[in-house]
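Participant:
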Amino acid sequence: MTTKPCCDAGPPVTIKHEDKGKEIKLGELTAYVSGDPASAKAGVILFYDIFGLKHPQVREICDRFAARGYYVVMPDVFRGDPWTLEKFPPKDKTEFQAFLKRSNDAAPGDIETVKAHFKEVGLGDKKHGVLGFCWGGKWVVEACADESFGAGLAAHPAFITLDMVKKVHCPIVFCPAGGDVDCAPFVEHLKKQPWGAKSQEKRFEDMTHGFCAARGDWSDPNVSEAVHQVLGLGLDLFDATLA
621 MTTKPCCDAG PPVTIKHEDK GKEIKLGELT AYVSGDPASA KAGVILFYDI
671 FGLKHPQVRE ICDRFAARGY YVVMPDVFRG DPWTLEKFPP KDKTEFQAFL
721 KRSNDAAPGD IETVKAHFKE VGLGDKKHGV LGFCWGGKWV VEACADESFG
771 AGLAAHPAFI TLDMVKKVHC PIVFCPAGGD VDCAPFVEHL KKQPWGAKSQ
821 EKRFEDMTHG FCAARGDWSD PNVSEAVHQV LGLGLDLFDA TLA
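Heads up, my numbering is the position in the sequence shown plus 620, with the first residue counted as 1.
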């Protein structure tokens, strides 16, 4: 299934971006990586939205976190086959559900692959961070149920339930757009945990779903400022818990 905010947000938008990272292979898994693991504070996994690895917004975010001293890995969970603009919004719900199932089936193994890579490059002894957008927000919560992770950022998240959040072991910042899921119950639960004080929800009611990722028109000053705030909240959390 899709969420109404996702369908209503419109198609992807291209922004100007020049990669500072590169694509590598982790076994059969392609990933975009940015930053220097030798000097990194910690390893970070980024989960993109349904439009995949090539969109410039998510690469720009990888590079911004790398510039703050993190080694960022964005695995291509979709294996080069993201949801295309021509099929958006999804008209064939069965096809889209099959797409999500393939992706959700692949993501746990990809997390393990990236964790193994962090270990290979000398970051295995540190807690990892994770951030994600829309569909990727679900995988922020799923990853944070693994005690290898120390912090998460979920921007305009989807497909998250309180039962999922109850398995989490670290603080998460949720940044929903207008019309997105109410994350207050998630934060209420997390704040009751001994490590949960830094969890929070910051809503962006005047933003549409996807504003940080492929649907975000960053040339709009209001969108650009909202993106800056979201990434700042994530970086502040990561600096406080991972560095």
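Cβ coordinates follow ideal geometry from the N, Cα and C atoms, glycine included.
As the structure is a computational prediction, the values presented were derived from the model and not from experiment.
DSSP has L646 in a bridge; who is on the other side?
Facilitator: To locate residue 646, count along the sequence shown from 1; it is residue 26. Partner(s): L649.
Participant: Which first and last residues belong to the beta strand (DSSP E) in which A774 is found?
Facilitator: Translated into the one-based positions of the sequence shown, residue 774 becomes position 154. Residues 769-775.
Participant: When DSSP labels each residue in this structure, what does S654 get in the three-state scheme?
Facilitator: As a first step, residue 654 is located in the sequence shown; it is residue number 34 there, counting from the start. Of the three classes helix, strand and coil, the one that applies to S654 here is strand, per DSSP.
Participant: For Y668, which residues in the same chain have their Cβ closer than 6 Å to its Cβ, ignoring the five residues on either side in sequence?
Facilitator: Your numbering for residue 668 matches position 48 in the sequence shown. Result list for Y668: V678, G756, in chain order.
Participant: Which word fits T828, buried or exposed, when buried means at least 16 other C-beta atoms lie within 10 angstroms of its C-beta?
Facilitator: Indexing the sequence shown from 1 puts residue 828 at position 208. When all chains shown are included, T828 counts as buried.
Participant: So for A846, helix, strand or coil by DSSP?
Facilitator: Counted from its first residue, the sequence shown places residue 846 at position 226. Correct three-state label for A846: helix.
Participant: Check each candidate in V734, L751, G799 and name the one with the smallest Cα separation from I644.
Facilitator: Residue mapping note: residue 644 aligns to position 24 of the sequence shown, counting from 1. The option with the nearest alpha carbon to I644 is V734.
Participant: Let me know if L855 comes out buried or exposed under the rule of 16 or more other beta-carbons within 10 Å of its beta-carbon.
Facilitator: In the sequence shown, residue 855 corresponds to position 235, counting from 1. That one is buried.
Participant: Are at least three pairs of beta-carbons, each pair with one atom in the region 773-788 and one in the region 747-763, less than 8 Å apart?
Facilitator: Yes, they touch.
Participant: Between V793, G772, P702, which lies nearest to V664 when the distance is taken from Cα to Cα?
Facilitator: Mapped onto the sequence shown, residue 664 falls at position 44. When only C-alpha atoms are compared, the closest one is G772.
Participant: Given 8 Å as the limit, is there contact between the region 647-654 and the region 703-721, that is, 3 or more CB pairs closer than that?
Facilitator: No, because fewer than three Cβ pairs between the region 647-654 and the region 703-721 fall closer than 8 Å, the two stretches do not touch.
Participant: What distance in whole Å lies between the Cβ atoms of S819 and V850, which are believed to be in contact at a cut-off of 8 Å?
Facilitator: Residue mapping note: residue 850 aligns to position 230 of the sequence shown, counting from 1. Residue mapping note: residue 819 aligns to position 199 of the sequence shown, counting from 1. No, V850 and S819 are not in contact; Cβ-Cβ is about 15 Å, not under 8 Å.
Participant: Comparing C-alpha positions only, which one of L666, F671, L673 sits nearest to R684?
Facilitator: The residue given as residue 684 occupies position 64 in the sequence shown. Nearest option by C-alpha distance: L666.
Participant: Relative to the alpha-carbon of L673, which residue among P728, A686, V697 has its alpha-carbon at the smallest distance?
Facilitator: Along the sequence shown, one-based indexing puts residue 673 at 53. When each option's Cα is compared against that of L673, the closest is V697.
Participant: According to the neighbour-count rule (16 or more other Cβ atoms, all chains shown, within 10 Å of its Cβ), is P695 buried or exposed?
Facilitator: As a working mapping, residue 695 is identified with position 75 in the sequence shown. Burial call: buried.
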